[in-house]
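Numbering (the numbering used here), first residue to last: -1 to 279.
Shown next, in the form of structure tokens:
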């Protein structure tokens, strides 16, 4: 009887792995054709398949379309701040943790996270919350996760905030074990703690310029910025070409009202702006 169950389990995993690989291939095809962007790179799924034991538990910091794909072959716990999406996929265990203002930064309510964490994880994926809130809270609250001693994937390291957070880990005993165009996977080598001076530096937001435009181009002085961040409010109608503005700014918003209205929307939709010491319009 035990042998039959083992054989059945192996057959089940073979079928699940086949489905998982099919999903990766579909995602790869779509991403190579530049069709799917709001999901992790197909390279991430390929790496996970090769390196993370099937059926083990994964923790997602930020849920999304990736949650459903991972749940085919893995147990998935996903931290989600929006009640609208918490519970979207039945196969995923959600940890509902609304965004909380900690004074210097915004992040998930850690009291909710503590209650929902499992005893063990084989991988942690940092893909949330959005850039409008910021992800530095993961590093600041890393004590919650250090006990798992597992690989950590930091997505969107092409962005300034994520790049700084990655650097903080690398300066504190972590090394990169795999990388892609927009992500790095790190693992602790000789430390499980992050230096407070390093994590404090993640919340030192200096100057930000909020720039409103109806064109899909940016002035040279904004493109070559070094000592400030940029929030672009696009008032034009060519949303397809506005991708250039998104790729060349820290924050992006499309809004068609007057300047005062648009600024009010920016402060509401991008709460992280309020954390900057200087805000220029």
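Virtual Cβ for every residue (Gly too), placed ideally from N, Cα, C. Just so you know, these numbers come straight off a predicted model, no measurement behind them.
Asked                                                                                                         : Found
Within the segment 78 to 157, ranges of the alpha helix (DSSP H) (whole runs, at least 4 residues)            : 108 to 114, 135 to 138
Three-state secondary structure assigned by DSSP to residue 276                                               : strand
Cβ contact (3+ pairs, closer than 8 Å) linking the segment 179 to 191 and the segment 146 to 155              : yes
C-alpha gap between residue 228 and residue 248, whole angstroms                                              : 5 Å
Residue span of the beta strand (DSSP E) that contains residue 188, given as start and end                    : Note, residue 188: premise wrong, no beta strand (DSSP E); not H, not E.
Cα-Cα separation between residue 205 and residue 15, rounded to whole angstroms                               : 48 Å
Any 3 or more C-beta pairs closer than 8 Å across the segment 52 to 70 and the segment 107 to 120             : yes
Supposed contact pair residue 233 and residue 211 - C-beta distance, whole angstroms, cut 8 Å                 : 7 Å
Proximity of residue 152 and residue 164 at Cβ, strictly below 8 Å                                            : yes
Validate contact between the segment 171 to 179 and the segment 38 to 49 using beta carbons, cut 8 Å, 3 pairs : yes
Nearest-angstrom beta carbon gap, residue 256 and residue 250 [assumed within contact, 8 Å]                   : Between residue 256 and residue 250 the Cβ distance is about 19 Å, and since that is not below 8 Å, they are no contact.
Residue 223 in three-state terms, based on DSSP                                                               : coil
As assigned by DSSP and simplified to three states, the class of residue 240                                  : coil
Nearest-angstrom Cα separation, counted from residue 9 out to residue 131                                     : 43 Å
Nearest-angstrom Cα separation, counted from residue 72 out to residue 277                                    : 44 Å
Run of the alpha helix (DSSP H) containing residue 40, from where it starts to where it stops                 : 40 to 49
Residue closest to residue 50, alpha-carbon to alpha-carbon, out of 272, 123, 209, 136                        : 123
Where residue 25 sits in the DSSP three-state scheme                                                          : helix
Proximity below 8 Å, CB of residue 98 to CB of residue 106                                                    : yes
Alpha carbon of residue 197 to alpha carbon of residue 127, nearest angstrom                                  : 17 Å
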